[in-house]
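First the structure, in the form of structure tokens, and then the observations on it.
Residue numbers (this note's numbering), protein chains in the order written: chain A, 1 to 425; chain B, 1001 to 1360; chain C, 2001 to 2513; chain D, 3001 to 3159.
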């Protein structure tokens, strides 16, 4: 069996592990357009902020490919698929034959249509090459001031890293607050307050219309309201979209991302997709959509791996969730965090002094979302309740108590969790 | 210390010969063979039981008595006369023997139970009445001891090596179809004539080598059935157990062997269901009659001679047959001494009885 | 003087125990604070230290056991009253307590007064030279015991070709070791304690006894190793219950409290207990002193046979009495009334709750009781008709073997079993606050006794004792327990009066056979 | 590889079973877990002389008379392993245990977010790292199992 995987991040690597688990003999080839043998993309902000070293970037050690007998092709982009010949064509016309193919090409940053985006000193923030570019630029140009376009998670992690490097950062966010996609207003405001404390400026309800430069280097951004901000560096972090270049103009069906079935297979037999590039079941919304987060990519890669190796495993669907520590405040958001209050019940605990905010969103008798800011201990229990769609009627009033734990759950469910016995609920 | 109050602890040699046709033979052979096991005795006791020696009085109870004083004899005779018709009484003939230092007055009585006494004690069998007589004499008349009380049989015993005792009693002059003999090695009791073996009651005689650790409970078990163990000897206990189980409970020697040397529970469990249940019931009922501790014993009555070992065979016992004769002994050499080429020689297993029955 | 009767009038007395806490070792982990049901220990978050209140300590030593650093030592309070052989500290404290409360003093477990312990004045025999001792590690050594009525003789059927058994034995209890767990009710002890006893009985091939608390539904499965008790309160007695066990025991008396009934306070009557005992939730469970349908031996006979009828003569029915002056004739009467076994509970037998004065002043020691009862039954020629089970303060394999040699078929152990499960004899069972999870129904406390551990420890104890009994038997040259039963020749008394020796039916040490 | 290691390799993976019906709530598991994961491994020093104070990796939950200890279940399909962005969380090949390489952990708390048992803790006493049960690697049996006075935490071989 000849397995080919395009992409060398969460989805790709999870697939390698599962394929090897099931098939000790098959040939595995991994193609990556990056020069690095592997690294964790979410860690790039830590790398920029010098919280981790370059050596700590790989999340599987050096022996990984050797141990799993994987042929790793670096620095080559897969440019074309020949589905009839079952061949991947690489840059330089190299052709790689496959029996089973996994497309795990990940996401690609969304580039806004702004004038001056091509100036030096304007970066996206997705890949290690971005960090390398930024670091080099900062060093060469003695960067003091930066603008981060986008107040989402990536933007904020980038902001945090820049602040670590003693660079003044202004965040420009189109929405009325930061983290609007994952947080509610209260949660956002806690982080906004924390950002203020470290002298980070936030400009909400606004956006960059134009980036101006001098000698091809970025000098100033002009906002929608014509306001001008002098800068040395601009980071564009307004989001990612599925990287589906490769499958465009092939029989593989796409929507926003590559469309897959419950076994992570595309409409073309033997071709699977996983991770940020594809769209699969959202277990909460019951629709197909891309969920561009690490755990989902890893899970999808795993499922794809099993099915490629001939072990039938069905993808149960995932939902959005994020954990990030911002300005020293741990935050977690899971599931649907902003629902119309008519449709749901909201339980809240807010302690402004301690900057602790907890919120549980219930729909019917089930939890569909949760936000934790400041105190995230045992947040996974709620994730579990969301995932298992547990009826929480019996212990609803305990949900946000300080001592909430498995002990608050019905004994039978608890037993199921602890011993793995089948729950009778 | 009163010699009656000390339990006998002994080593000993035992020997038994039986002619299963009932043909009688002289006591010469048994003296020869028991003499060959002199090492097993220490001169503090020896004795013989002989069956078929008084054919002319075969229907009379024969009491072999030992008296330590004239007054004991007077008292005993008075008591006997009260209850029995004394058919005949005489001194037991003996010869002078240098090795025999002291001896009590030895007398034998041939008795018939008075009819009026039998009527008075209608609730007792004649045997029970004789047993009662023996117990009364042994426990109540100081200085009197009943050595044997059967019919057509007698016990000859005393302090000394058995061969000396045998000569002393002139046993070569008697003819019997069963002879048993005993050479005694008491370890810590005062030697006295009554304490020598065989022990006799009715026509039971027992010679025994061993020490019974269950003595205390066997004794109390017998008490439950009215037997009073007066002599603190294991032999006495075994005699009474045979009397109880064979005469009163009418059990076969094979069954009695399974009581006295009961098989182990795991062995019982290995048997067929019926056999296992039988043995289990036996043990449950007669647990207190289990004779625990090392022993080999030869028990005789007028119809049979039985040799048995304890349940783990801690004492020696050999058996042999030669034509009509059955031999049971502590040592094979003693058998070969008088029967150099037996038809069959074997070592009975622990608890496995050797039974010789008189062919009718 | 009216109205002064039972008003409280408190006056502090010296505490019984002193808790020593080694502050250098104490890490303030608060295990002791969490574990003590008497709230002795408390934590002060301000100073991050734990302190103790001596007045509440009952001396159960649970905290000492649980403390991970060994920082706690429980000591007796050395504070002493002026030495007085008559008016000693205990007497003074008791009077003071009664002057305060006007009530009967209660206690738990068995008599703790220094009456002579006859076992400690009896020694065993061993083989030397004249017969060989037997090594139980190499040779079979049998402890199996059958409890039940035995016929005086075997009956055989000679009619057929082969001789067949005519005797059908009355129902018997088969014990692989002659030790049973004595009656301890669910109520007086926790369900976990009951489970421990039941499981251990199953594993060791012996029996435990329900006591008078009925049978919890979880315990029915151990029925083959259960002795079902019927006591004066008749709690939880119904047909299913009577049929659930292997034998039935009518309880007339208990060694710790001869002549009086029982009292389970309403607080201990939980949902489960109320269901098991068939009494309303939270009400006191009062066992009358006598059975009100047994005012004479004839009445007892009727109950014995009523129970036999109910169980269709398939189970032995026995009677338990406490050892009192007339124990021997009473035992004889019980045997003649048709009991298959008689259990005799001596002076030192335990209880979950009894008036101290009764516990310590009524009844006679089991050693004497069993000796005279066994003797009496043999004298009357009815010893075979019933088995004797002796209990009341049996502490070791040595006590067991001596009791059997005195005449018991088997022994009951209660206190020893509790100690195996953790009990340290603080004698506070009646408070229901047992820290070891044994004598309590408080769910905080009962879970402390893991029945797996409890059963394992009980099994270990019985194994150890059985092994020791085998060693001692082997030493005597005996390889079956029935050869020791009632075999008083294997016993000798040391330092006993002639009367004691006579009653025990044993010779003084130094006297040979 | 020495003999002992060979033996260790042969061992079947174990799992820890929690039996709440026997948990007394004494929290000795926490105490011993803390000591096992302290620098000195000495109970008194760990409590009285170590700064930052070590934290236990086992949680005791209590409500009314019900209590139980809980630590990482070392799930077969462990969500924390998938969620870990650094590779700090890994499956030990020998024992099948899920372990956290604290040197690699950056404290993103993805594991906390995904662990349905809530048994991964933030250790913020020193470097912020995810702290979890490591089955007391190197010990014959985990100390919580060893020291639980009532066998409410037991070790059994994985089926």
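Glycine included, every Cβ here is placed at the ideal spot set by N, Cα and C.
Own chain residues within Cβ distance below 8 Å of residue i, not counting five before or after
| i | result |
| --- | --- |
| residue 256(A) | 241, 242, 279, 289 and 290 |
Contacts around residue i, its chain only, beta-carbon distance under 6 Å, and the 5 residues preceding and following it disregarded
| i | result |
| --- | --- |
| residue 3027(D) | 3060 |
| residue 228(A) | 220 and 222 |
| residue 2040(C) | 2052, 2053, 2056 and 2057 |
| residue 1129(B) | 1121 |
| residue 3130(D) | 3100, 3105, 3111 and 3120 |
Short CB-CB distance (under 8 Å) between residue i and chain A
| i | result |
| --- | --- |
| residue 3122(D) | yes |
| residue 3106(D) | yes |
Cβ-based neighbour list, residue i, same chain, cut-off 7 Å, excluding 5 preceding and 5 following
| i | result |
| --- | --- |
| residue 1293(B) | 1210, 1211, 1212, 1213, 1214 and 1310 |
| residue 183(A) | 333, 337 and 371 |
| residue 281(A) | 288, 315 and 317 |
Beta carbon proximity, residue i to chain C, threshold 8 Å
| i | result |
| --- | --- |
| residue 3042(D) | no |
Residue i: first and last residue of the uninterrupted alpha helix (DSSP H) it sits in
| i | result |
| --- | --- |
| residue 135(A) | 128 to 141 |
| residue 294(A) | 294 to 308 |
Counted within 10 angstroms of its Cβ, other Cβ atoms place residue i as buried (16 or more) or exposed
| i | result |
| --- | --- |
| residue 3113(D) | buried |
| residue 3051(D) | exposed |
| residue 1295(B) | buried |
| residue 95(A) | exposed |
| residue 3002(D) | Model confidence at residue 3002(D) stands at a pLDDT of 44, short of 50, so the residue's coordinates are unreliable and nothing is read from them. |
| residue 1342(B) | buried |
| residue 67(A) | exposed |
| residue 198(A) | exposed |
| residue 2460(C) | exposed |
| residue 297(A) | buried |
| residue 1346(B) | exposed |
| residue 2292(C) | exposed |
Chain D within 8 Å of residue i, Cβ atoms only
| i | result |
| --- | --- |
| residue 43(A) | yes |
| residue 2043(C) | no |
| residue 2073(C) | no |
| residue 74(A) | no |
| residue 2433(C) | no |
Distance, residue j Cα to residue i Cα
| i | j | result |
| --- | --- | --- |
| residue 2108(C) | residue 2351(C) | 6 Å |
| residue 173(A) | residue 209(A) | 12 Å |
| residue 123(A) | residue 133(A) | 8 Å |
| residue 1264(B) | residue 2389(C) | 24 Å |
| residue 1280(B) | residue 2144(C) | 11 Å |
| residue 2160(C) | residue 1275(B) | 16 Å |
| residue 2329(C) | residue 2344(C) | 13 Å |
| residue 164(A) | residue 79(A) | 38 Å |
| residue 2325(C) | residue 2304(C) | 23 Å |
Where the beta strand (DSSP E) through residue i begins and ends
| i | result |
| --- | --- |
| residue 28(A) | 27 to 31 |
| residue 1029(B) | Looking at the DSSP string, residue 1029(B) is not in any beta strand (DSSP E); the run it does join, the alpha helix (DSSP H), is 1028 to 1035. |
| residue 345(A) | 345 to 351 |
| residue 1256(B) | No beta strand (DSSP E) holds residue 1256(B); the alpha helix (DSSP H) holding it covers 1253 to 1260. |
| residue 2017(C) | 2017 to 2021 |
Cβ of residue i within 8 Å of any chain B Cβ
| i | result |
| --- | --- |
| residue 2144(C) | yes |
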